[in-house]
Structure formats: structure tokens, C-alpha cells
Amino acid sequence: MACRVKIYLFILLGALPLVSPQIHTLSDFKPETLKMHNKYREIHHVPPLTTSHYLTKIAQAWARVIGTKNTLLHPVYKRSYRFNLAKTALPLNPLATIEAWYRERSLYNYAKGVFSYRYHHFTKMVWRSSKYIGIGLTRKGDLIFIVVAYEPGGNIDGEYRKNVFSPHETYVVKDVRASPHNETILEKEHQLNMNETLALLKDFADVRQLLYA
1411 MACRVKIYLF
1421 ILLGALPLVS
1431 PQIHTLSDFK
1441 PETLKMHNKY
1451 REIHHVPPLT
1461 TSHYLTKIAQ
1471 AWARVIGTKN
1481 TLLHPVYKRS
1491 YRFNLAKTAL
1501 PLNPLATIEA
1511 WYRERSLYNY
1521 AKGVFSYRYH
1531 HFTKMVWRSS
1541 KYIGIGLTRK
1551 GDLIFIVVAY
1561 EPGGNIDGEY
1571 RKNVFSPHET
1581 YVVKDVRASP
1591 HNETILEKEH
1601 QLNMNETLAL
1611 LKDFADVRQL
1621 LYA
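Numbering of the sequence shown is given in this note's numbering, commencing with residue 1411 and proceeding in unit increments.
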């Protein structure tokens, strides 16, 4: 009987959209973002992520860099990180950002399991082998730049079918559109090469030390 009740509650609750409260401080954003990541990972049959202090420092440092440059850039780094990047208008709401990434799931082909920039945020979020997460953000005017770092990072060629699984068949995810006041801006992202990364970090010695320690 208890087992039946548990299954019924999972199906009932699974049919509801994730609800995220209005965030009034930047520090509140991080636990809500972790919570939403792990809810979506549960839907896709993979273990939850654990916050890493070191990854958080990395994510925070890179958020400061892209906020200063006012553009979404991916660096070259030594370890197996992967970053998801976004910028969003105030007021800050993690639902707008995470849902924008997660909506890419509709473009992913689970049978083929190959990389595409069309859904690369989604696959990093639910990558089975990823264990740790770090969340950083910085404000520039009325915009917030967000960096979520994962380790070990996902999106590895040839590993998609082992790491990205279709969601529980009873779970219905409803898209939640952000208001104009907290819309996540998914502009084109640029992958830097090593020379570009080092040139960018000339004025960020502390960040360079973190990335290449």
C-alpha cells in the first residue's frame, strides 16, 4: 500500500510544473538553482549534483569576467569542467534561466545521442557522469550574468547514450515563460581558443590562476 501511495504521489506531483519563488538576493539564487537541477536530473534517472566549493569559485570568477566583457564566452581550461552561461534581466528568477536551458530537451534525439549547440545546455544539466556543480553570478547594471559549472563535464562525443536518458514517462513538464522583466537572454555563445582565453585573462590574474592551477 505504501509503495502504491508513493508511486501515485510521484505521478501526481510530476505532472505539475516546477515553481520557483521570486529571488530577492543573489545568494538565494544558488540553492534554488541547485534544487531545480536535481529535480530535472531525477526526472531523467540520474543522480543529484553536489555543490563544490572549488567549482563555485571557478564559476564566480568566470561570471565576473563575462560580466565585465558583457558577452557570453567559454574559456579553454585544463580540467574537465563544462559551463552553462546565461544573462538575465532583474528581478532574478532561477526558473527563467533553468527552464530556458531545459526547454532545449525537445530538440534532443535520445536514439542518436550526438552533440549539437541547439541543446548543449540541456545535455550538460542532465549528464549522468557529472557529480559536482558550482554556481556563480555577477551583476552589471540591470543584467545578471550566470555561470553554472559541472564536473566531470558532459557533452563528450560518443558518450551521450550512456549519459542522457529520456524522462520518466509519467512526468509532464510544462514550459514556463518568463515575464519581460526576468527574461533569460540566450544570445550566441563563443568558444575561445587557448590564445584568446589567455589574452582575455591578462587583466584577470586571479581567474587565470584558478583555471590553470
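Every residue gets a Cβ at the ideal spot worked out from N, C-alpha and C, and that includes glycine.
Just so it is clear, the structure is predicted and the values come from calculations on it, not from any experiment.
Of the listed residues the options, nearest to residue i (C-alpha basis)
i        : options                                : result
Gly-1546 : His-1484, Lys-1467, Ala-1521, Glu-1561 : Lys-1467
Asp-1613 : Val-1475, Pro-1441, Tyr-1464           : Val-1475
Tyr-1464 : Ile-1543, Lys-1479, Arg-1515, Phe-1525 : Ile-1543
Pro-1504 : Val-1557, Glu-1569, Ile-1566           : Val-1557
His-1455 : Lys-1572, Leu-1611, Leu-1608, Asn-1603 : Lys-1572
Tyr-1622 : Ile-1453, Thr-1481, Arg-1489, Pro-1441 : Arg-1489
Asp-1616 : Lys-1440, Ala-1469, Lys-1550           : Ala-1469
Arg-1451 : Lys-1550, Glu-1606, Ile-1508           : Ile-1508
Ala-1521 : Phe-1575, Arg-1549, Trp-1472, Pro-1485 : Phe-1575
Thr-1481 : Leu-1620, Leu-1610, Gln-1619           : Leu-1610
DSSP three-state assignment for residue i, whether helix, strand or coil
i        : result
Leu-1608 : helix
Leu-1483 : strand
Lys-1550 : strand
Lys-1522 : coil
Glu-1561 : strand
Asn-1603 : coil
Tyr-1491 : coil
Glu-1541 : It is worth fixing the name first, because residue 1541 is Lys in this sequence and not Glu. Of the three classes helix, strand and coil, the one that applies to Lys-1541 here is coil, per DSSP.
Ile-1556 : strand
Ala-1588 : Residue confidence is low: Ala-1588 scores 42 on pLDDT, short of 50, so the model does not pin down where it sits. No coordinate-derived value is stated.
Thr-1580 : For Thr-1580, the predicted model reports a pLDDT of 49, less than 50, meaning its position is unreliable and no value from the coordinates is stated.
Endpoints, the alpha helix (DSSP H) within which residue i is located
i        : result
Leu-1505 : 1504-1512
Ala-1615 : 1615-1621
Arg-1571 : 1570-1573
Lys-1534 : 1530-1535
Integer Cβ distance of residue i from residue j, believed to fall under 8 Å
i        : j        : result
Leu-1444 : His-1600 : That pair is no contact at about 27 Å.
Gly-1563 : Ser-1540 : 7 Å
Tyr-1491 : Tyr-1560 : 7 Å
Pairing CB atoms from the region 1456-1464 with CB atoms from the region 1518-1532, are three or more of them under 8 Å? no
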